[in-house]
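*Asks:* Residue numbers for the sequence shown follow the working numbering, beginning at 569 and rising by one. Sending over a structure as structure tokens; questions will come in a sec.
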Amino acid sequence: MSIKLERSYYASLCWFGLKQIGFGGEAGENNRAELAALLTAHVGGIGFQQPIACGPFLKLIYQIPASINPKNPEELALVFSECQELIATGSLEGFTDRWPKLTRYWDQWYYPQQLSSLLKPLVENKAAVMEAMQLWENYMREIWPDYEELYQEKLKDYPFEEYQDKINSLNLLERWKTEFGVEYPYSEFRVVICPETPTLACDLGPEKIVAGSRYDLANLENAVAHQLGVRYPALNRIAEAPATKLLMNSDFEGMVKLIETEVCVRKLNILPQIGNDGFVTAQGLQSWVNWRVKIEPDSTFEDSLPALYQQAKDAGLL
Numbered sequence: 569m570s571i572k573l574e575r576s577y578y579a580s581l582c583w584f585g586l587k588q589i590g591f592g593g594e595a596g597e598n599n600r601a602e603l604a605a606l607l608t609a610h611v612g613g614i615g616f617q618q619p620i621a622c623g624p625f626l627k628l629i630y631q632i633p634a635s636i637n638p639k640n641p642e643e644l645a646l647v648f649s650e651c652q653e654l655i656a657t658g659s660l661e662g663f664t665d666r667w668p669k670l671t672r673y674w675d676q677w678y679y680p681q682q683l684s685s686l687l688k689p690l691v692e693n694k695a696a697v698m699e700a701m702q703l704w705e706n707y708m709r710e711i712w713p714d715y716e717e718l719y720q721e722k723l724k725d726y727p728f729e730e731y732q733d734k735i736n737s738l739n740l741l742e743r744w745k746t747e748f749g750v751e752y753p754y755s756e757f758r759v760v761i762c763p764e765t766p767t768l769a770c771d772l773g774p775e776k777i778v779a780g781s782r783y784d785l786a787n788l789e790n791a792v793a794h795q796l797g798v799r800y801p802a803l804n805r806i807a808e809a810p811a812t813k814l815l816m817n818s819d820f821e822g823m824v825k826l827i828e829t830e831v832c833v834r835k836l837n838i839l840p841q842i843g844n845d846g847f848v849t850a851q852g853l854q855s856w857v858n859w860r861v862k863i864e865p866d867s868t869f870e871d872s873l874p875a876l877y878q879q880a881k882d883a884g885l886l
């Protein structure tokens, strides 16, 4: 298995659209002020607002659709229809029935605690979310044909093959397997290169991430290494293990921080040249990393999680 770098039109279109209305970390255009105000009124309370959108509504209109990668506005409409059904029923069945190959790992990725965490604020604001989704779909349909030329221009000189070969030469899959003592849980890992996103990397799904084209090879290597690493201690497995199930139910965010911290620490064994790790800074994990490097777990990582959680709590991190 190799790591693949690829394109996704919708992932870039979505971020381009966000920037046009001032939700993408850059100033919006005046002629989009009305749309920005409407979206803020509907879903600003759950994180979707200027200067940069975040939260569950972003996942609904960006990460989930970009994971499917609709090829035209008509397929995008189908994706949004299934997003509405997801909010209405709490089930991913519409996606898994319509796109079985693209969603074959979604039951592992969107396990009950994760899906509940995503849906809760969306369901609580259901009417506003549905209206905002329709606004967004109409907006994407409007700008879909106009962005194509700009998109091609922005990626025409990106060294896809060169960077892909260099990343695969790092042997990251085997090295993470050695670190955690478990297999990578999926059959592929794909990296969507996006010329619009301001962030280094973001999940699109279980075996797919998006990475910003503005970042150099060293940053891309860090992004791929990190995003691969967090997939080895599979959250769905930890969520069902008797020793950690209660912790995942009672403090999901705390457990995720433990895993992110572990990856940041072990990543130094894989990319010792990394220097200042942007993932540590972005997630506010420096105090966690400083604590973790002083500890020697007496078992495999997943088995040691309950003890590590208690030690983090004793250290005042939780």
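Cβ atoms here follow ideal geometry from the backbone N, Cα and C, with glycine treated the same way.
For the candidate residues Leu-670, Trp-674, Ala-645, Leu-581, whose alpha-carbon lies nearest to that of Ser-659?
*Replies:* Among Leu-670, Trp-674, Ala-645, Leu-581, the Cα nearest to that of Ser-659 belongs to Trp-674.
*Asks:* May I ask you to verify whether the stretch 644 to 652 touches the stretch 781 to 790, counting CB pairs closer than 8 angstroms and requiring at least 3?
*Replies:* Output reads no: the stretch 781 to 790 does not touch the stretch 644 to 652.
*Asks:* Under the rule that 16 or more other beta-carbon atoms within 10 Å means buried, what is Leu-814, buried or exposed?
*Replies:* By the neighbour-count rule (16 or more Cβ atoms within 10 Å), Leu-814 is not buried but exposed.
*Asks:* Work out the CA separation of Gly-612 and Asn-693 for me, nearest whole Å.
*Replies:* Those two C-alpha atoms are separated by around 11 angstroms.
*Asks:* Take every Cβ of the stretch 860 to 868, pair it with every Cβ of the stretch 821 to 836, and state whether three or more of those distances are shorter than 8 angstroms.
*Replies:* Yes, the stretch 860 to 868 touches the stretch 821 to 836.
*Asks:* Just to confirm the assignment, what range does the alpha helix (DSSP H) spanning Val-792 have?
*Replies:* From DSSP, the alpha helix (DSSP H) with Val-792 extends over 785 to 797.
*Asks:* From which residue to which residue does the alpha helix (DSSP H) around Gly-662 run?
*Replies:* Where Gly-662 is concerned, the enclosing alpha helix (DSSP H) stretches over 661 to 666.
*Asks:* Thinking Trp-583 and Gly-590 are a contact (beta carbons under 8 angstroms), I'd like their distance in whole angstroms, please.
*Replies:* Actually they are not in contact, since the Cβ atoms of Trp-583 and Gly-590 sit about 13 angstroms apart, beyond 8 angstroms.
*Asks:* How do the stretch 785 to 804 and the stretch 729 to 742 stand: do at least 3 beta-carbon pairs fall below 8 angstroms, yes or no?
*Replies:* Verdict: yes, contact present.
*Asks:* For the alpha helix (DSSP H) that Phe-869 lies in, which residues bound it at each end?
*Replies:* Where Phe-869 is concerned, the enclosing alpha helix (DSSP H) stretches over 869 to 882.
*Asks:* Check whether the stretch 662 to 672 and the stretch 631 to 638 are in contact - that is, three or more C-beta pairs closer than 8 angstroms.
*Replies:* Yes, since at least three Cβ pairs between the stretch 662 to 672 and the stretch 631 to 638 fall closer than 8 angstroms, the two stretches touch.
*Asks:* Tell me whether Cys-770 is buried or exposed, calling it buried when 16 or more other Cβ atoms sit within 10 Å of its Cβ.
*Replies:* Cys-770 is buried by the Cβ-count criterion.
*Asks:* CA-CA distance, Ala-579 and Val-760?
*Replies:* In a straight line, the C-alpha of Ala-579 is about 8 angstroms away from that of Val-760.
*Asks:* Relative to the C-alpha of Ser-755, which residue among Glu-747, Gln-682, Pro-774, Asn-837 is closest?
*Replies:* Measuring from the Cα of Ser-755, the nearest candidate turns out to be Pro-774.
*Asks:* Consult DSSP for Glu-864 and reduce its assignment to one of helix, strand or coil.
*Replies:* In this structure, Glu-864 counts as coil in the three-state DSSP scheme.
*Asks:* So what's Cys-622 in DSSP terms, helix, strand or just coil?
*Replies:* Here Cys-622 sits in coil by DSSP.
*Asks:* Going by alpha carbons, who is nearest to Ala-811 out of Gln-841, Asp-871, Lys-688, Ala-779?
*Replies:* With distances taken between Cα atoms, Ala-811 lies closest to Asp-871.
*Asks:* Check for me: the beta strand (DSSP E) holding Ile-571 runs from which residue to which?
*Replies:* Residues 571 to 574.
*Asks:* Specify, as a first and last residue, the run of the alpha helix (DSSP H) that Phe-748 falls within.
*Replies:* Per DSSP, Phe-748 belongs to the alpha helix (DSSP H) from 740 to 748.
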